[in-house]
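Student: One structure, as structure tokens, below. Some questions next.
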Amino acid sequence: MRHGKKINHLSRTDSHRRAMLANMASSLILHKRITTTLAKAKALRVYVEPIITKSKDDTTHSRRTVFSYLQNKEVVSILFRDIAAKVANRPGGYTRILKMGNRLGDNASMALIELVDYNEIYSLGEDSTEKKTTRRRGSKSKKVETPASAKATAGDADVKESAPKADEEKVKAVKPEKEAVADVETPEAPVAETVETSVAEVETEKVAVAEETPATEETTPDEAPAADELPEADDTEKKKA
Numbered sequence: 022m023r024h025g026k027k028i029n030h031l032s033r034t035d036s037h038r039r040a041m042l043a044n045m046a047s048s049l050i051l052h053k054r055i056t057t058t059l060a061k062a063k064a065l066r067v068y069v070e071p072i073i074t075k076s077k078d079d080t081t082h083s084r085r086t087v088f089s090y091l092q093n094k095e096v097v098s099i100l101f102r103d104i105a106a107k108v109a110n111r112p113g114g115y116t117r118i119l120k121m122g123n124r125l126g127d128n129a130s131m132a133l134i135e136l137v138d139y140n141e142i143y144s145l146g147e148d149s150t151e152k153k154t155t156r157r158r159g160s161k162s163k164k165v166e167t168p169a170s171a172k173a174t175a176g177d178a179d180v181k182e183s184a185p186k187a188d189e190e191k192v193k194a195v196k197p198e199k200e201a202v203a204d205v206e207t208p209e210a211p212v213a214e215t216v217e218t219s220v221a222e223v224e225t226e227k228v229a230v231a232e233e234t235p236a237t238e239e240t241t242p243d244e245a246p247a248a249d250e251l252p253e254a255d256d257t258e259k260k261k262a
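Going left to right, the sequence shown walks through residues 22 to 262 as the numbering used here numbers them.
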């Protein structure tokens, strides 16, 4: 009977089971995730996590101990060089098992087992170094104003009150500047008036000059001089005629 025996033999002999778990652990370290049956994934988690914990202590003794389980020099070097540095701050729980439904052939329940620190989807935004804080249900923190905080609030109120006053002073300081600019610009108005008066005087003078000049009488063809008024021709001209 198997009373009190929690180990799953996986329907294999001890040597076969150890060889299979060593191969699966090597594949998990190389590829960071593998797909297998749910029973094998649970057995592999118990087998590989103590090996990963052993890799945190990088000594010759630890390397030989891990090699006795995995029987693969390349996998041992990857474990101590890369994975040990990645899981240095994690106190256990290096693997994750995700159920994937049943297999078509024999309807066996399948699962995916992976190393937690190499999954970028689930570990996005997580920080293993953060400490979790718990909050009690009955305790509600109420803010009590101390004299120092009261002074600070009073100081803030004074600042808020003084702010409009400062704005008013700025407006008052700006207004005299605008008035001074207007005073400077006013002398331009008389100049325009003098120009207009001078133009009007010139026009009146032109009109007066035009009135004083006598109008020239134009001779029309109808008002031609009579024959009697014509001057007498010279004697020489008569003789020639």
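Where is the CB? At the ideal position from N, CA and C, for every residue including glycine.
In this structure, how does DSSP classify Ser47 when only helix, strand and coil are distinguished?
Tutor: DSSP places Ser47 in helix when its eight states are reduced to three.
Student: Do you know how far the Cα of Thr155 is from the Cα of Ala40?
Tutor: One C-alpha to the other measures close to 45 Å.
Student: Thinking just about the alpha-carbon of each residue, which of Ile55, Ile142, His30 and Thr116 is nearest to the one in Asn72?
Tutor: Correcting the residue identity first, residue 72 is Ile in this sequence and not Asn. Nearest C-alpha to Ile72: Thr116.
Student: Between which two residues does the alpha helix (DSSP H) holding Glu70 run?
Tutor: Segment Leu59 to Ser76, the alpha helix (DSSP H) holding Glu70.
Student: For Ser36 and Thr86, I'd like the C-alpha separation in whole angstroms.
Tutor: Their backbone Cα atoms lie some 18 Å apart in a straight line.
Student: What are the partner residues of Thr80, as DSSP defines its beta bridges?
Tutor: The partner list for Thr80 (beta bridge, DSSP) is empty, contrary to what the question assumes.
Student: Is the CB-CB distance between Leu133 and Ile104 below 9 Å?
Tutor: Not in contact: Leu133 and Ile104 (Cβ atoms no closer than 9 Å).
Student: Using the C-alpha atoms, what's the distance from Met22 back to Asn107?
Tutor: Sequence inspection shows Lys at residue 107; the Asn mentioned does not correspond to that position. Roughly 43 Å between the two C-alpha positions.
Student: Compute the distance between the beta-carbons of Ala46 and Leu65, then report whether it is under 9 Å.
Tutor: Yes; because the gap between Cβ atoms is below 9 Å, this pair is in contact.
Student: Where does Arg38 sit, in a helix, a strand or coil, going by DSSP?
Tutor: Correct three-state label for Arg38: helix.
Student: Please work out which residues of its chain come closer than 8 Å, Cβ to Cβ, to Gly113, disregarding the five sequence neighbours upstream and downstream, and give them in chain order.
Tutor: Excluding sequence neighbours, Gly113 sits near Glu70 and Thr74.
Student: For the alpha helix (DSSP H) holding Lys94, just list the boundary residues, first then last.
Tutor: It spans Lys94 to Ile99 - the alpha helix (DSSP H) in which Lys94 sits, taken as one unbroken run.
Student: Excluding the five sequence neighbours on either side, which residues of its own chain have a C-beta within less than 7 Å of the C-beta of Tyr19, listed in chain order?
Tutor: Shown here, the chain extends from 22 to 262; a query on residue 19 therefore has no answer.
Student: From Leu42 to Ala60, what does the alpha carbon distance come to, in whole angstroms?
Tutor: Roughly 12 Å between the two C-alpha positions.
Student: Let me make sure I understand the geometry here. Which of Tyr68, Ser89 and Phe101 has the alpha-carbon closest to that of Lys77?
Tutor: The shortest C-alpha separation from Lys77 is found at Phe101.
Student: Please tell me whether Leu51 and Val97 are closer than 9 Å, where the distance is taken between their beta carbons.
Tutor: Contact: no.
Student: Taking the straight line between their C-alpha atoms, what separation do you get for Leu125 and Thr58?
Tutor: When rounded, the distance between both Cα atoms is 12 Å.
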